[in-house]
Structures are given as C-alpha cells and as structure tokens.
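One structure below.
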Amino acid sequence: MNEFVGSLNRVTVVVGNPKAGSRTATAARAAAAVVAPSAEVTTVEVSELTGGLFSWGDPAVAAAKATVLESDLLVVATPVYKASYTGLLKSFLDQFGRDELRGLATVPLMVGAAPLHSLAVEEQLRPVLIEIGASCPTRGLYVLESAIDSGELDAQLTEWAALWGAPLTAVAGVRTAAGAA
156 MNEFVGSLNR
166 VTVVVGNPKA
176 GSRTATAARA
186 AAAVVAPSAE
196 VTTVEVSELT
206 GGLFSWGDPA
216 VAAAKATVLE
226 SDLLVVATPV
236 YKASYTGLLK
246 SFLDQFGRDE
256 LRGLATVPLM
266 VGAAPLHSLA
276 VEEQLRPVLI
286 EIGASCPTRG
296 LYVLESAIDS
306 GELDAQLTEW
316 AALWGAPLTA
326 VAGVRTAAGA
336 A
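According to my numbering, the sequence shown is numbered sequentially starting from 156.
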C-alpha cells in the first residue's frame, strides 16, 4: 500500500470494551490489518486485566503495558459509552505517564450505534492519547456497529487507509529510525 509498510512489524491493538471478543475488537484488528497487512498483531483485551488495573505493579498489566511500548503502531479502540470512551480503557491508559508513548503512531478508534457520537473519537479519545505521548497523525476512526455487522467495514477501512495510511506509517518509520521504540 505504501513505502513504509516495512517499518510496521509490531502492531498492538488495545480494546477497551468490557466484553472480550467484541465488535470493537473486530474493527480494531481489521484496521490494523489494512494498515500493516504483514505485521505481527497483538491484541490487549483490557477486560482481561480488570483484576490488576486498580493495584499498581500488577504483572499482567505491566506485561500489557510493555507490549504497547514495544509496538511500531498502536490501535486504541473503545465502544462509545455516554458519548466518551469506557472507564475500563481510561483505567488502562492511566497506567502510562505523561509522554510515555514517546511519539508512538496511534490510531484512535471508536465504535458506536449511530453517527450522533462520531466526533467523540476526536474530542474524547484523541486528547487522552496525546497526553500520554501518542502521535495521532490521522483522523480518528469512527465505525458504526451496523458497518461491522453488514460487511461494510472493509470498504470503510480501505478508503480510510488510502487517505491516511502513508502519514501513519511515516510517523511510525520516523519513530523507529529515531530509536524511540
């Protein structure tokens, strides 16, 4: 798809849905696959970390955090809850210090039932990712649940990646070249 695909070897998908194996996870993994089709993709289901999210130093949470920090590309996905991201996702993101992601190329992704909350990905999710040091060089992805269920997701992601794939992978390539990962 673009000249920087080789720099995307390790992609991590963080899913902030309280239900493991959700449509949110499906959309996030599909987004990772369209941007970095040959990359190794690791999924962190935050719902599987709930026991340790509220006690600092939990080994499973530390391992999930290390996986994120070792990535070339990060996709952070959440369903829309009360016009924002889930508290579960916020609890995981709170494990990161300010600027700890050090420019990690990141795609904010939200899944919602209606277009009504499509700006939540830009107004709610992106700012917290920027605060912890993510580089979000693309427009965030807002995916309708109906697109996942109807098979329209592939077309949406292909169109999005055609526009934003090169800037996203360029940021990942710069970070890798600078030795931040």
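A virtual CB, placed ideally from N, CA and C, is assigned to each residue, including glycine.
Computed from a predicted model, the values in this text were never measured in an experiment.
- Of the candidates Ser193, Thr198, Ala194, Thr198 places its Cα closest to the Cα of Ala182.
- Note on the region 220-291: whole alpha helix (DSSP H) runs with a minimum of 4 residues are 242-248, 281-286, in chain order.
- A direct Cα-to-Cα measurement between Val230 and Ser305 gives close to 22 Å.
- Around the CB of Gly252, fewer than 16 other CB atoms lie within 10 Å, so the residue is classed as exposed.
- Membership of Glu300 in the alpha helix (DSSP H) is indicated by the continuous run 300-305.
- In this structure Pro234 is buried. Its beta-carbon is surrounded by 16 or more other beta-carbon atoms within 10 angstroms.
- By the neighbour-count definition (other C-beta atoms within 10 Å, threshold 16), Gly242 is an exposed residue.
- Within the same chain, Cβ atoms closer than 7 Å to the Cβ of Glu203 are found at Ala175, the five residues on either side in sequence being excluded.
- Shown here, Leu296 sits in a strand according to DSSP, grouped into three states.
- DSSP places Thr198 within a strand segment (E or B) once states are collapsed to three.
- Scanning its chain for C-beta atoms nearer than 7 Å, with the 5 sequence neighbours on each side dropped, one finds around Val189 the residues Leu312, Thr313, Ala316, in chain order.
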